[in-house]
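Whatever position you read off the sequence shown (first residue = 1), add 44 for this note's numbering. First comes the structure, then the notes that go with it.
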Amino acid sequence: MEDEPAVARRVDVRHAAAEPEVPPRPPVLSRAAVRAMRAEAVQAWSATMGDATSCALAKDGRSYPAGKYHEGRVAALGELMRRLTPDSDAAEALAAARELADAWSSRVQPGGGANREWESYRAGGVHALAEVAEP
45 MEDEPAVARR
55 VDVRHAAAEP
65 EVPPRPPVLS
75 RAAVRAMRAE
85 AVQAWSATMG
95 DATSCALAKD
105 GRSYPAGKYH
115 EGRVAALGEL
125 MRRLTPDSDA
135 AEALAAAREL
145 ADAWSSRVQP
155 GGGANREWES
165 YRAGGVHALA
175 EVAEP
């Protein structure tokens, strides 16, 4: 066994446990891209709520934080869209998203209290804006 050449071991790629490749998400820096994100958030909100509205659930006394989370996403992205014009450049869009993300992070529930629904709503907005502000 002395001086035997090293034999390269062949790996069958069909059996290799490779991590799936996830393409990097392009930065969201246009009004059209924010509109598309908001549309996705609306669909998620609708799928989560089914036939009920947030207001109907609240009046009925039921808590539904998942619905409020998606509602917050929709609201925050709508607020960002209103700040952007079709002519807004990437720097303006990024600055607006960061400013709003900071504002949403520091918001407190009207009336001074806090509850699960409000925190879920705020968290949804913060997360949506962070997706835009931190590509």
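Note that beta-carbon positions come from the ideal geometry of N, C-alpha and C, so glycine has one too.
Inset, instruction - Can you tell me the Cβ-Cβ gap for A177 and L138, rounded? I've got them flagged as a contact below 8 angstroms. - result: So it is a contact: roughly 7 angstroms between Cβ atoms.
Inset, instruction - Ignore the nearest five residues each way along the sequence and tell me which others in L124's own chain have a CB closer than 7 angstroms to its CB. - result: Non-local beta-carbon contacts of L124 in its own chain, meaning distances under 7 angstroms to residues more than five positions away in sequence, involve V78, A140, A141, L144, L173 and V176 in chain order.
Legend entry - Reference S74, options G168, Y113 and D131, closest by Cα: Residue D131 holds the alpha-carbon nearest to the alpha-carbon of S74 among G168, Y113 and D131.
Legend entry - Extent of the continuous alpha helix (DSSP H) run through T92: Unbroken alpha helix (DSSP H) run through T92: R75 to M93.
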